[in-house]
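The next block holds one structure in the form of structure tokens; read it before the comments.
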Amino acid sequence: MSVFNYQAEAQHAASAMGSGELEVVATPALIAFAENACHQLVELAAGETSVGTFIELNHLKASRIPEEIKVDVKDVTREGNRLSFIFEIRDSSQLIATGKHQRAVVDVDRFLSSIK
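In terms of my numbering, the sequence shown opens at residue 64 and continues consecutively.
Take a look at the structure:
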């Protein structure tokens, strides 16, 4: 459906993100790349944004730093203001993660005023 490219650098390493000690692409970095890719696919009206509501990621293989990362969003479904995405993540040589993500389209002002 849509492929988004990212460059995993030192700040995306497990050692830098606090999720481990190694200089490999951190699971939290993969989650951020996937969420960013899905967010870019959401069509919004003026005054709207989308917020993440769920993510599931299966981190299958490790990748060294630096590395090119590709997020391939395979499927998007929408029911009302809820969107569901299925994605795969690859490095330059292999499939490294699969997952699902959900987002909700919200009115920015209403959403921000609901946060206390």
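Heads up, the beta-carbon is just placed ideally off N, CA and C, and yes, glycines get one too. Owing to the predicted nature of the structure, the values given are computational and were not obtained by experimental measurement.
Next on the checklist: Contact defined as beta carbons within less than 8 Å: I believe ARG166 pairs with VAL105. What is the distance between those atoms, to the nearest angstrom?
Outcome noted: Residue numbering aside, residue 166 sits at position 103 when the sequence shown is read from its first letter. Residue numbering aside, residue 105 sits at position 42 when the sequence shown is read from its first letter. In this structure ARG166 is in contact with VAL105, their Cβ atoms being roughly 6 Å apart against a cut-off of 8 Å.
Checklist entry - What residue does the beta strand (DSSP E) around HIS122 start on, and which one ends it? => result The residue labelled residue 122 in the question sits at position 59 within the sequence shown. Unbroken beta strand (DSSP E) run through HIS122: 111 to 122.
Item to check | Member of PHE67, ARG141, ALA160 and ASP135 whose CA lies at the smallest distance from the CA of PRO91 | outcome: In the sequence shown, residue 91 corresponds to position 28, counting from 1. Scanning PHE67, ARG141, ALA160 and ASP135 for the CA closest to the CA of PRO91 turns up ALA160.
Checklist entry - Taking C-alpha atoms, which residue in PHE67, THR140, GLU130 and VAL171 lies nearest to SER156? => result What you label residue 156 is simply residue 93 of the sequence shown in a count that begins at 1. Check the Cα spacing between SER156 and each of PHE67, THR140, GLU130 and VAL171: the tightest is with GLU130.
Checklist entry - Got a sec? Which residues, its chain only, sit under 8 Å from THR112 by beta carbon, not counting five neighbours each side? => result One-based indexing of the sequence shown puts residue 112 at position 49. So the qualifying residues of the chain are VAL168, VAL169, VAL171 and PHE174.
Checklist entry - Which value, in whole angstroms, describes the spacing of the CA atoms of SER82 and ILE94? => result Taking the sequence shown and counting its residues from 1, the one referred to as residue 82 is at position 19. Taking the sequence shown and counting its residues from 1, the one referred to as residue 94 is at position 31. C-alpha separation (whole angstroms): 13 Å.
Checklist entry - When burial is assigned at 16 or more other CB atoms within 10 Å of the CB, is GLU84 buried or exposed? => result Here residue 84 is taken as the residue at index 21 of the sequence shown, counted from 1. So GLU84 ends up on the exposed side.
Checklist entry - Mapping DSSP to helix, strand and coil, what is ASN99? => result Working through the sequence shown from its first residue, we reach residue 99 at position 36. Shown here, ASN99 sits in a helix according to DSSP, grouped into three states.
Next on the checklist: Using a 10 Å radius around the Cβ and a threshold of 16 neighbouring Cβ atoms, would you call LEU123 buried or exposed?
Outcome noted: As a first step, residue 123 must be located in the sequence shown, where it is residue number 60. It counts as exposed.
Next on the checklist: Mapping the DSSP letters down to three states, classify SER78 as helix, strand or coil.
Outcome noted: Sequence index remark: in the sequence shown, residue 78 carries index 15 (1-based). Looking at SER78 - three-state DSSP - the assignment turns out to be helix.
Next on the checklist: Strictly by DSSP, which residues pair up with ASN68?
Outcome noted: Mapped onto the sequence shown, residue 68 falls at position 5. Per the DSSP secondary-structure output, ASN68 pairs in a beta bridge with LYS133.
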